[in-house]
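Protein chains: 2
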Amino acid sequence: MNEKHDQAIESSLVAPDTQMESFRQARNNRRSELVEDYVELIADLIADGGEARQVDIAQRLGVAQPTVAKMLKRLSAEGYIQQRPYRGVFLTGTGKELARVSRERHQIVESFLCSIGVSVETARMNAEGIEHHVSPETLEAMKRFTPKRHL
Amino acid sequence: MNEKHDQAIESSLVAPDTQMESFRQARNNRRSELVEDYVELIADLIADGGEARQVDIAQRLGVAQPTVAKMLKRLSAEGYIQQRPYRGVFLTGTGKELARVSRERHQIVESFLCSIGVSVETARMNAEGIEHHVSPETLEAMKRFTPKRHL
DNA sequence: ACAATAACATAGCAAAGGCTATATTTCCAA
DNA sequence: TTGGAAATATAGCCTTTGCTATGTTATTGT
Ligand SMILES: [Mn+2]
Ligand SMILES: [Mn+2]
Ligand SMILES: [Mn+2]
Ligand SMILES: [Mn+2]
């Protein structure tokens, strides 16, 4: 270990435990990323075309079909979706709720980025990753800073 | 596949290829996260205490020491650090440069979050994950929106 | 009705990022 | 100067998330 200077400049280092918590939180968020992206995408596909097929999910995610098949099994096992063979996947109540929350947050992050002057293309790209690391408090702050869309 | 309504409401779905690009980009960013966090942390530890030891890195990241050992080998193989046995790790030129860039971006993201009204604790937590998904364009936008610190 | 095609399933592999358990090495204090 | 503690190394395991290759099943157009 190293324990020099008890009250020195401390440069930019925060307390070890504090920093640890941040890293742990970030790793945690990463573990739910995929689930969130999947249910959100499934909800969008259903809303758009009435069904969500493996091939469409795979194409939009940019991964291979077996990758999607495996993940759908997991989502099914965890109670987010129901698979009707050769008939697409459907969201359970839990799935719908997670999709709603995820989509809302995603949309807010994307709009927020645009509102601070980022181009729509960049906002879309960055939001896809950023969304999963935005806590409720930060989301509220972003909402406040985003001009409401005239409906 | 599904090809109904050629010019219907289209709900919120963007073109498949566009969406694919976003997801690919996010996955790409995730692959550099660890490297960035490591070199940044190593730079901070060296700046703060003159050396970066495995145990300290492990404690701050909140992972086990062998996890760090393995990653340090990778960082070494990829030319970011040099390992002096039982004497800590040191950054190469490349490593220092990546650390500088990462730290700068990290700091900007964190300050930016504070500037839109997020508490410092939440800003710190969220920034740890968000930073890796912020492109240069978005970083510039964040800089513009963050009041400069009086030096 | 049925063959072609599209969709899906399954097997087997790999890399990344974690872990625990344990062996080894260095350092320092008595 | 040497024994014990701390630091590091290594082995072996696991999960997640991706891949390719290939087999199977439904759907559908003729
Ligand atoms: Mn999303
Ligand atoms: Mn996403
Ligand atoms: Mn960082
Ligand atoms: Mn980080």
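Chains as they are written, first to last, in full-length UniProt numbering: chain A, 1 to 151; chain F, 1 to 151.
Quick reminder that beta carbons are idealized off the backbone N, C-alpha and C, glycines included.
Going down the chain, each residue whose beta-carbon is closer than 7 Å to a heavy atom of ligand 3 shows up: F/E36, F/D37, F/E40, F/S102, F/R103, F/H106, F/E128 and F/E131. Across the structure, F/H106 and F/T67 are spaced so that their CA atoms are roughly 23 Å apart. Between ligand 2 and F/A26, a heavy atom-to-CB distance of less than 8 Å is present.
At least one heavy atom of ligand 2 lies closer than 8 Å to the C-beta of F/F23. At a threshold of 8 Å, F/E33 does not count as near ligand 2, since its beta carbon sits no closer than that to any of the ligand's heavy atoms.
In this structure, the CA atom of F/D17 is about 21 Å from the CA atom of A/M71.
Rounded to the nearest whole angstrom, the C-alpha separation of F/V55 and F/A77 is 20 Å. Under the Cβ distance rule, F/S135 counts among the residues neighbouring chain A, one pair being separated by less than 9 Å. Pairing A/L113 with F/A26, the inter-Cα distance amounts to about 16 Å. Closest in alpha carbon position to A/S135, among F/V134, F/R144 and F/A123, is F/A123.
Ranking A/Y38, A/S102 and A/S32 by CA distance to the CA of A/G62 puts A/Y38 first. Within chain F, the residues E137 have their CB atoms less than 8 Å from the CB of A/S119, given in chain order.
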